[in-house]
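Undergrad:
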Amino acid sequence: MLTVVPYERFDAWKRCHELALSVYQVTKLFPPDERYGLRARARRAAVSAPANIAEGASERGRREFARHLDIALGSLGELTYVLELSRDIGLIEFDDWERLDEMRERASIVT
């Protein structure tokens with residue numbers, strides 16, 4: 000029988016969700032020519048983390064859930080680089096990058 004655990008109860012999901020919301024806000028400021036480039040990539044990686052936690056919460060067994068948590072961590076790793084590159088080429092202000100990176104670091108702690 001499939002047991003669906005409410006993913007909203009996981010602190011990691013909450014932190015990833017907040018990070019995704021913040022990434023959407025910051026990337027609104029990206030230029031139009033980045034619509035399908037770094038903006039899309041950052042948003043996709045940011046959404047992937049909480050989505051994988053939610054998906055894993057509905058899987059059978061701890062092993063499948065752990066696999067989805069690993070995928071979520073991989074997405075956060077991808078987001079790290081995309082945000083660094085965006086900062087280095089001037090798409091993100093340092094203060095915004097620092098705030099997002101702190102959020103990403105907290106989201107990487109699985110609880």
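Each step along the sequence shown adds one to the number in numbering that gives the first Met the number 0, with nothing skipped, and position 103 is 102.
Even for Gly, the Cβ is constructed at its ideal location relative to N, Cα and C.
Is there contact between the stretch 53–60 and the stretch 75–83, where contact requires at least three CB pairs shorter than 8 angstroms?
TA: Cβ pair count under 8 angstroms is below three, so no.
Undergrad: Near A112, what residues of its chain come up, given a Cβ to Cβ distance below 7 angstroms and the 5 sequence neighbours on each side ignored?
TA: Outside the displayed range of the chain (0 to 110) lies residue 112, so it cannot be described from this structure.
Undergrad: Between which two residues does the alpha helix (DSSP H) containing L28 stretch?
TA: Position 29 of the sequence shown, counted from the first residue, corresponds to residue 28. First-last for L28: undefined, no H or E at that position.
Undergrad: For I52 and L99, what's the separation of their Cα atoms in angstroms?
TA: Residue mapping note: residue 52 aligns to position 53 of the sequence shown, counting from 1. Residue mapping note: residue 99 aligns to position 100 of the sequence shown, counting from 1. Using only the alpha carbons, I get a separation of about 19 angstroms.
Undergrad: Skipping 5 residues on each side, what residues in its chain have a beta carbon closer than 6 angstroms to that of R40?
TA: Taking the first residue of the sequence shown as position 1, residue 40 is located at position 41. The residues are V81.
Undergrad: Using a Cβ-Cβ cut-off of 7 angstroms (strictly less than) and excluding sequence neighbours within five positions of R105, which residues of its own chain qualify?
TA: Numbered from 1 along the sequence shown, position 106 holds the residue referred to as residue 105. Closer than 7 angstroms at the Cβ level, and outside the excluded window around R105, lie R14.
Undergrad: State the DSSP-derived secondary structure class of F9, mapped to helix, strand or coil.
TA: Position 10 of the sequence shown, counting from 1, holds the residue named residue 9. Three-state result, F9: coil.
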